[in-house]
Amino acid sequence: MGDAAAALRAELRGLVAEHVPQDFLGAFTDDPADLETAQRFCRILAERGLLCLAWPEEFGGRGASVWEQTVVREEMWAHHEPRGAQYMGVNWVGPAIMRHGTAEQKAAHLPPIARGEVIWCQGFSEPDAGSDLASLRTAARPDGDEWRVFGQKIWTSYALMARWCFLLARTSTGEKKQQGLTVFLVPMSAPGIEVRPIRSMLGPHHLNEVFFDGLRVTGADVLGAVDQGWAVVQEVLAFERVGIARYARCERLLQEAPTVLGQAWDTLPAELRGRWARMLVRCRRARLLAYRVVSLQAQGRVSPGDSAAYRIAVTRLDQDSGEVLMEIAAYSPGSGRLAGRFRAEVEDHWRYSQASTVASGSLEMQRILLARSMLRGPARAS
Amino acid sequence: MNIDLSEEAAEYGRQALRALEAAGGDRLVQLAEQEPGRREAIVAPVLGELGAWELDPRGDPGELEAAAALCRSAGYWAVAYPLAERLSRPADLDVDGLVVVDQRPAAAVAGLDLRWAAVTLSGRRSRAVARAPGGPPRAHAFVTGLDLEPTDSDGGGDVALGLVLPCWTLLGMLDRAIDLSRAHVLVREQFGQPLAAFQGVQFQLTDAEVERCGLEMLATYALWSIQAGRDDALDDALALRLAAVEAADTVFRVAHQLHGAIGFCDETPLSWVSRYSQPLRRLPLGLSATREALTCRLGRRGLAGLFSETP
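Residue numbers (my numbering), protein chains in the order written: chain P, 268 to 649; chain X, 4 to 314.
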């Protein structure tokens, strides 16, 4: 990855060690101190120019290499994403506004994201539009020079704490369902929005319902062109091709296991140690597949099939390693802070991994994308 | 590490693929099975014309990549010849090739007039003489037992390449199995539409492809580890082998399932590629023994990566 990436990794690990409590399991828990930790950590990253590392310098970034961006993804996910929900604003809301926003929108939104001050949520999924996103029904109906939004979003992460929503709504009906969709940037404090949290095994704040009942939006809230929102969303999804570096947390926990277990490691069944070794190989495999996507993306020749293959590998790794780690954790010594923290991390990892084949493009969608790529492309030998 | 082989090595691999096709392609393995005594004469000349025996994979990083690319192309056509083993020959022994062995030494080297060295995972080396195979190649795929005459314990540095190059051959076989399956499901129609239109078929194909492309990445990594002279090159080779054997299981299972009965027939290349993948998947270590060997070597330190002591 190069010297710059290695130095960045060391810097990030130093900051995590200094500013993130060892028992931190993410910003979204029942303890408000965890969210404060994340917000404080974002400010620290922002002050050092590390929060929006990948952004162009004109917008407050460093124009970092794809490999430096990869290091950030790995280190943050490995340490339970101490940026909290900020990754969303940094990774794709900000870049989408850079590409499609007006001067006013850029001035209003980019600096707060770059400073780590604002949380965004994504108003995409609906009760009847999950993987088939273009079937969404939330509609922005014309009302004079404005629109009034009616409808419901669901599975919206961080909606309760978000200040802004990246909302996709229907503004007209075209020949295809992908036509007539528009992206609106709407403040969550506006009248006409109600958020209802959904209690789930993933923990608080991960899943919410968001109801729109006459929310007033204007042309100034539109990102890009009216009725052209699908193209914006496709770009947004492309920013996330590599997505979360799930392999990094799997690898950290697997690699730590022998140390945490101490002498108890030798009491593990040989078959379980074998599964542990296999999971380490799978971590390496997923990491290399991610690097392949990053490399191809940098060369401008990545296909949806390439990223789908990686995502299939990494989400399965997430769940498979969760199973192995849960079994290993059962052998960890009963007392002691190190073992207790490990068990908590593993339990959190297992629980959260259950959603990895569902969230951000389901496993089935990834398989459809990969199959399409395989069957439509040329044969390998040609 | 580099994600891809060098363009020179990749081009060499493509040229080898075409040259092997021109020399007979799928017929090469069939001829070798029909006339086992002429195996050398059927296969070795075209490999010689490709410059295989001048490659110095242990001495030159570029030629190591070329050797890997050549093995992959040979695997694509299921060439029944110990190419990877010949390219793995130790630099300091006057032999024609190297095979990695465990407690029951055997390799797919039957009926060739070549001088072999054998090495265990722990680096013990021997001169190896292939016994006469029992039965026709149809039954043993040229695998035969080896008589060993111990020589030294200096082969620790020989083992990784001896494990990695055969995995490149197996990778070529998986490339082929997926290409064959893809072509078959695109043309074979049932219920009025190509098999490829069925999602149940598509998803099986994607499972196979994820295994194949993951293996490709690990194969490139293990090659880089040897090139870089890393201490844990043997760990990386065993990690590769574990993934290769698992991937082969998935890919061939899917390939046979999608081909249906036609895939068992000798008129289809899958039947040949599948059978001749067996020695590569079982020797020197099968799935369980490979995993055990890797687990034993990793101990408590794990595999080099983002969070290991040695990155």
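No residue lacks a Cβ here, since even glycine has one placed at the ideal position from N, Cα and C. Note that the structure is a prediction, hence the values are computed from the model and not measured.
Item	Value
Could you give the uninterrupted runs of the alpha helix (DSSP H) lying entirely in the segment 21-99 of chain X, keeping only those of 4 residues or more?	30-37, 42-52, 64-79 and 86-90
Starting from the beta carbon of Cys550 (chain P), find every residue of chain X whose beta carbon is closer than 7 Å, and list them in chain order.	Gly308
Kindly indicate which three-state DSSP category Lys444 (chain P) falls into: helix, strand or coil?	coil
Rounded C-beta distance between Leu208 (chain X) and Met641 (chain P)? I'm assuming under 8 Å.	6 Å
Between Val102 (chain X) and Pro287 (chain X), is the Cβ-Cβ spacing less than 9 Å?	yes
Report the rounded CA-to-CA distance for Ser649 (chain P) versus Val204 (chain X), giving the unit in angstroms.	The predicted model places Ser649 (chain P) with a pLDDT of 43, which falls under 50 and marks its position as unreliable, so this point remains unresolved.
For Cys216 (chain X), return the contacting residues in chain P, with the cut-off set at a CB-CB distance below 9 Å.	Leu556, Arg559, Asp573, Ala576, Tyr577 and Ala580
Is any beta-carbon of chain P found at less than 9 Å from that of Ser311 (chain X)?	yes
Using the Cα positions of Leu90 (chain X) and Val82 (chain X), report the straight-line distance between them to the nearest angstrom.	15 Å
Contact criterion: CB-CB distance below 9 Å. Does Met641 (chain P) meet it with respect to chain X?	yes
Closer than 7 Å by C-beta to Glu335 (chain P): which residues in its own chain qualify, once you throw out the five before and the five after it? Chain order, please.	Ala271, Ala272, Leu275 and Leu320
Compile a chain-ordered list of the residues in the segment 507-535 of chain P whose CB is closer than 8 Å to at least one CB of chain X.	Ala515, Glu518, Arg519, Leu521, Gln522, Glu523, Pro525, Thr526 and Trp532
Pull up the distance between the alpha-carbon of Leu434 (chain P) and that of Phe451 (chain P), whole angstroms please.	5 Å
Out of P:His616, P:Ile579, P:Arg415 and P:Arg583, which has the shortest C-alpha to C-alpha gap to Ala596 (chain P)?	P:His616
What residues from chain X crowd round Leu637 (chain P), counting only those whose CB sits closer than 8 Å?	Thr209, Glu212 and Val213
So, with DSSP's three-state summary, where would you put Cys698 (chain P)?	There is no way to answer for residue 698 (chain P), as the model of chain P reaches only from 268 to 649.
When you compare the CB of Glu614 (chain P) with every CB in chain X, is at least one pair closer than 9 Å?	no
Report the residue ranges of all alpha helix (DSSP H) runs contained in full by the segment 318-373 of chain P; include only those spanning at least 4 residues, in chain order.	333-345 and 361-367
Examine chain P for any beta-carbon lying closer than 9 Å to the beta-carbon of Asp7 (chain X), and answer yes or no.	yes
Taking the alpha-carbon of Ala199 (chain X) as reference, which of X:Arg256, X:Arg300 and X:Leu261 has the nearest alpha-carbon?	X:Leu261
Can you give me the Cβ contacts of Glu66 (chain X) inside the same chain, cut-off strictly under 8 Å, excluding the 5 residues immediately before and after it?	Leu58, Asp59 and Pro60
I'd like to know if Ser562 (chain P) contacts chain X, where contact means its C-beta is closer than 9 Å to some C-beta of that chain.	yes
Are there three or more Cβ pairs, one per stretch, closer than 8 Å when the segment 374-389 of chain P is compared with the segment 404-418 of chain P?	no
Is it true that the CB of Leu245 (chain X) sits closer than 9 Å to the CB of Arg215 (chain X)?	no
Which residues in the same chain as Ser620 (chain P) place their Cβ atom closer than 7 Å to its Cβ, once the five residues preceding and following it in sequence are excluded?	Asp585, Gln586 and Gly589
Measuring CB to CB, does His367 (chain P) end up less than 9 Å from Val484 (chain P)?	no
Starting from the C-beta of Ser629 (chain P), find all residues in its chain whose C-beta is less than 8 Å away, skip the five residues before and the five after it, and write them out in chain order.	Gly397 and Ser398
How about Ala163 (chain X) and Ala240 (chain X): do their beta carbons lie closer than 9 Å?	yes
Could you tell me the alpha carbon to alpha carbon distance between Gly305 (chain X) and Leu177 (chain X), rounded to whole angstroms?	28 Å
Using beta-carbon positions only, say whether Arg404 (chain P) and Val416 (chain P) come within less than 9 Å of one another.	no
Quick check on the DSSP output: the alpha helix (DSSP H) that includes Glu303 (chain P) runs from which residue to which?	Pro299 to Glu314
Quick test of your reading: Leu149 (chain X) and Ala110 (chain X), contact by CB under 8 Å. State the CB separation rounded to the nearest angstrom.	6 Å
Classify Thr298 (chain X) as helix, strand or coil using the three-state DSSP reduction.	helix
Beta carbon of Leu283 (chain X), beta carbon of Leu173 (chain X): below 9 Å?	yes
With Cys550 (chain P) as the anchor, note down where its beta strand (DSSP E) starts and where it stops.	Unbroken run through Cys550 (chain P) is the alpha helix (DSSP H), Ala537 to Ala565; no beta strand (DSSP E).
Using a C-beta cutoff of 9 Å, does Thr223 (chain X) count as contacting chain P?	yes
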